[in-house]
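Engineer: Each residue of the sequence shown is one higher than the last, beginning at 42 in my numbering.
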Amino acid sequence: MIDPRRVAHPAQSGLPHANALPSTPHVVVVGAGIAGLAAATGLAERGVSVDVLERQEYLGGRVGGWTETLDAGDPAGGEVANNRGFHAFFRQYYNLRALLRRSDPGLERLRPVEDYPLVDGEGRRDTFRGLPKTPPWNALVFALRSPTFRMRDLLRLNAPAAAPLAAVSVPEIYDQLDDLDAETFLTNINFPVAARHLAFEVFARSFFARPERLSAAELAAMFHIYFLGSSEGLVFDVAESNFNTALWDPLGEYLVEQGVVFRTGVSVESVSIGGPKRFQVRVSDGTTVEADAVVLATDPGGLQQIVAASPDLGDQHWREQIAGLRTAPPFVVQRLWLDRPVDADRPPFLGTGGLEPVDNISVVSSYERQAAEWARVHGGSVVEVHSYSVVDPPPFEGLRERMLGRLHQLYPETARAGIVKETILFRDDCPLFFPGSFAGRPTVETPVPNLMLAGDGIRIDLPVALMERAATTGWTAANRLLAGWGVSGHTVHTVPVQGRSPVLRRLVTPRKAQAS
């Protein structure tokens with residue numbers, strides 16, 4: 042955390058530890074993804090008894106990792122690491138990084154990626170290498186050196202319409218722009234079409250959504266978090282080994298030492314009010330867990346299933362909010378274990394625009410220890426190809442061939458490589474932030490006392506997104522429960538909640554007045 046203008050959001054003060062209470066509260070956290078692990082950490086560190094229930098056999102949720110077995114008869118067989126694909130740990134992710142520091146104080150299990158180039162269908166290439174860190178010079182230099190953005194484009198921008206990008210205030214930006222989709226917003230401000238692939242669609246693709254299906258407010262908030270709201274810079278870190286070994290197994294061990302009980306491979310079927318404590322949590326293995334409080338930290342589909350099966354939870358309005366959550370279009374991650382290395386100058390991560398169906402390519406063996414060891418032993422490489430907003434139904438025969446074709450086009454040396462193993466991962470469990478959805482999103486607090494929500498699809502009126510939103514809502518869920526018991530919570534940090542330039546902020550005022 043090097044940005045002196047980052048913002049601390051202190052938690053409530055109170056008792057230092059739950060052992061000062063007449064009895065120790067017991068909390069069930071449903072979901073062991075980032076949000077659930079943050080909530081469990083925040084509670085357990087204050088002496089609260091915590092059970093974490095997770096339907097997968099591993100921790101980390103959508104950032105989890107596991108092992109798979111190659112063909113035992115193949116000379117390159119054996120156990121290999123796998124996960125759901127590349128994740129960037131930006132320096133602005135203060136609350137996620139605070140969580141990881143519990144088991145890795147120096148964040149030594151993360152390693153920096155200094156650049157992640159972007160290339161479009163015309164072969165034009167953008168880079169984040171060497172950008173100044175201080176806003177607005179970071180965004181200005183990026184735009185002016187981009188091959189898809191020229192000075193004349195800057196002069197043609199509709200400045201009043203574009204002002205919200207430079208003067209984001211959270212949550213007010215949602216009042217201004219949430220009813221617009223990102224594609225329409227970029228058209229309204231005269232942003233050059235050629236530059237959209239590289240300068241903005243990279244943000245939309247972070248949500249697995251195309252710009253026409255993403256809220257313009259969410260796009261503007263992302264621009265603030267990564268460009269004009271923070272001087273942490275645009276470099277990020279990646280896990281130095283598969284997510285389970287680098288991140289979640291060590292954090293799980295830390296939490297067990299704090300008294301947390303993990304039960305993996307089980308699903309929560311329903312939550313009811315009543316019993317010896319406030320809640321009864323029914324589990325797929327036939328057991329029922331009594332709890333003083335519950336944190337539902339699941340993906341949107343899992344949350345909807347639990348609420349639908351729990352008729353006494355919440356009022357009609359809240360239940361309609363849950364039912365109204367949508368998931369982003371499906372995505373596919375193709376991981377290839379190749380019998381030849383890729384060229385040594387290939388970047389760890391390459392973003393693409395206008396090169397359907399591929400959205401990015403990762404050379405996993407250039408940064409992940411298990412993949413690098415496999416590549417060293419077998420003289421090969423491990424490469425990952427991502428395709429978002431997939432419309433092809435399983436088994437993706439046509440999609441697979443098109444993804445391979447793009448890989449061979451961009452990295453021609455891979456066309457000569459044999460495929461030792463290939464996995465195709467298909468998922469459709471990420472939240473969709475569609476236009477007009479912000480006001481109806483469920484928040485961390487619910488109408489049910491001591492029932493909290495957490496996750497990257499849950500509304501919190503702070504400038505956070507993606508993994509950092511998951512972590513921040515998890516810490517906040519813990520803080521709200523602790524406050525109810527009179528126990529002190531945990532401070533969270535964010536980038537500034539509004540744009541840094543007072544002049545640009547004033548440009549937005551007339552537009553806001555007209556809108557009201």
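No residue lacks a Cβ here, since even glycine has one placed at the ideal position from N, Cα and C.
Which residues mark the beginning and the end of the alpha helix (DSSP H) in which Gly394 is found?
Structural biologist: Where Gly394 is concerned, there is no enclosing alpha helix (DSSP H), although the beta strand (DSSP E) it sits in stretches over Phe390 to Gly394.
Engineer: For Leu566, which three-state DSSP category applies?
Structural biologist: Since the displayed the chain opens at 42 and closes at 557, residue 566 lies outside it and no answer follows.
Engineer: Between the Cα of Leu255 and those of Ser247, Ala280, Arg410 and Ala223, spot the shortest distance and give me the residue it belongs to.
Structural biologist: Checking every option, the nearest Cα to that of Leu255 belongs to Ala223.
Engineer: Provide the residue span of the beta strand (DSSP E) that contains Arg304, from first to last.
Structural biologist: Val302 to Thr305
Engineer: Measure the alpha-carbon distance for Gly55 versus Gly515 and round it to whole angstroms.
Structural biologist: Cα atoms of Gly55 and Gly515: separation of roughly 19 Å, rounded to the nearest angstrom.
Engineer: Alpha carbon to alpha carbon, what distance is there between Pro205 and Pro551?
Structural biologist: Here Pro551 scores only 46 on pLDDT, less than 50, and its place in the model should not be relied on; the value that follows carries that caveat. Going by the C-alpha atoms only, they are around 11 Å apart.
Engineer: Where do the ends of the beta strand (DSSP E) carrying Leu456 lie?
Structural biologist: Checking the displayed sequence, the identity of residue 456 turns out to be Ala instead of Leu. Counting along the chain, Ala456 falls outside any beta strand (DSSP E), and DSSP gives it neither H nor E.
Engineer: Could you tell me which residues DSSP pairs with Ala122 in its beta bridges?
Structural biologist: Thr108
Engineer: In the stretch 64 to 90, which residue ranges form an unbroken beta strand (DSSP E) of at least 3 residues, counting only runs that do not cross its ends?
Structural biologist: Given a length threshold of 3 residues, each whole run of the beta strand (DSSP E) inside the stretch 64 to 90 is given here in chain order: 67 to 71.
Engineer: By DSSP, does Glu149 sit in helix, in strand, or in coil?
Structural biologist: coil
Engineer: Which term fits Gln362, buried or exposed, when burial requires 16 or more other beta carbons within 10 angstroms of its beta carbon?
Structural biologist: buried
Engineer: What are the complete alpha helix (DSSP H) segments, minimum 4 residues, inside the stretch 228 to 281?
Structural biologist: You should have 234 to 240, 242 to 247 and 257 to 264.
Engineer: Considering only their Cβ atoms, is the gap separating Asn285 from Gly31 smaller than 9 Å?
Structural biologist: The question about residue 31 has no answer, for the chain in this structure spans 42 to 557.
Engineer: How long is the line joining the alpha carbons of Asp469 and Arg319, rounded to whole angstroms?
Structural biologist: 33 Å
Engineer: On the criterion of 16 or more Cβ atoms from any shown chain inside 10 Å, does Pro436 qualify as buried, or is it exposed?
Structural biologist: Residue environment analysis places Pro436 among the exposed positions, since fewer than 16 neighbouring C-beta atoms fall within 10 angstroms of its C-beta.
Engineer: Taking its Cβ as the centre, do 16 or more other Cβ atoms sit within 10 Å of Gln555, making it buried, or is it exposed?
Structural biologist: A caution first: Gln555 carries a pLDDT of 40, below 50, which makes its placement in the model too unreliable to give a value.
Engineer: Among Leu344, Ser308 and Pro317, whose alpha-carbon lies nearest the alpha-carbon of Gly36?
Structural biologist: Outside the displayed span of the chain (42 to 557) sits residue 36, for which this structure offers no information.
Engineer: Only counting the same chain, and skipping five residues up and downstream in sequence, which positions put a Cβ closer than 6 Å to that of Asp340?
Structural biologist: Asp470
Engineer: May I ask you to report which of helix, strand or coil DSSP gives Ala495?
Structural biologist: coil
Engineer: Does the structure place the stretch 381 to 392 close enough to the stretch 441 to 459 that three or more beta carbon pairs sit under 8 Å?
Structural biologist: Contact annotation: the stretch 441 to 459 touches the stretch 381 to 392, with at least three C-beta pairs closer than 8 Å.
Engineer: Could you pull out every residue in the same chain whose Cβ sits closer than 7 Å to the Cβ of Lys553, ignoring the five residues on either side in sequence?
Structural biologist: At Lys553 the pLDDT is 43, less than 50, meaning the model places this residue with poor confidence; the figure from the coordinates comes in the next sentence. Hits under 7 Å: Gln217.
Engineer: With respect to the beta strand (DSSP E) encompassing His128, which residues constitute its N-terminal and C-terminal limits?
Structural biologist: Element bounds for His128: n/a, residue is neither H nor E.
Engineer: From the DSSP secondary-structure annotation, give me the bridge partner or partners of Asn401.
Structural biologist: Partner(s): Gly392 and His427.
Engineer: Starting from Glu331, follow the beta strand (DSSP E) in both directions and report where the run begins and ends.
Structural biologist: Thr329 to Ala332
Engineer: Is the separation between the beta-carbon of Pro188 and that of Asn179 shorter than 9 Å?
Structural biologist: Between Pro188 and Asn179, the CB-CB gap reaches or exceeds 9 Å.
Engineer: Report buried or exposed for Leu141, applying the criterion of at least 16 other Cβ atoms within 10 angstroms of its Cβ.
Structural biologist: buried
Engineer: By how many angstroms is the C-alpha of Ser247 removed from the C-alpha of His534?
Structural biologist: 22 Å
Engineer: Can you name, in chain order, every residue of its own chain whose Cβ lies under 6 Å from the Cβ of Asn60, other than the five neighbours on each side?
Structural biologist: Gly88
Engineer: Measuring alpha carbon to alpha carbon, tell me which residue in Arg410, Thr175 and Leu84 is nearest Leu275.
Structural biologist: Thr175
Engineer: Using the three-state DSSP reduction, which class does Met171 fall into: helix, strand or coil?
Structural biologist: The question names Met, yet the displayed sequence has Gly at residue 171. In the structure shown, Gly171 sits in coil (DSSP, three-state: anything other than H, G, I, E or B).
Engineer: Looking only at its own chain, which residues have a Cβ that is under 6 Å from the Cβ of Pro45, when we skip the five neighbours before and after it?
Structural biologist: none
Engineer: Determine the DSSP secondary structure at His531, reduced to helix, strand or coil.
Structural biologist: coil
Engineer: Can you tell me whether Leu466 is helix, strand or coil according to DSSP?
Structural biologist: strand
Engineer: Suppose the cutoff is 7 Å on Cβ atoms and the five residues either side in sequence are ignored; what does the same chain contact list for Val426 look like?
Structural biologist: Gln375, Val399, Ile402, Met444 and Leu448
Engineer: Would you kindly check if the distance between the Cβ of Arg170 and the Cβ of Thr82 is under 9 Å?
Structural biologist: no
Engineer: Quick check: what's the CA-CA separation for Ser557 versus Val431?
Structural biologist: In this predicted model, Ser557 has a pLDDT of only 36, less than 50, meaning its place in the structure is not dependable enough to derive any value.
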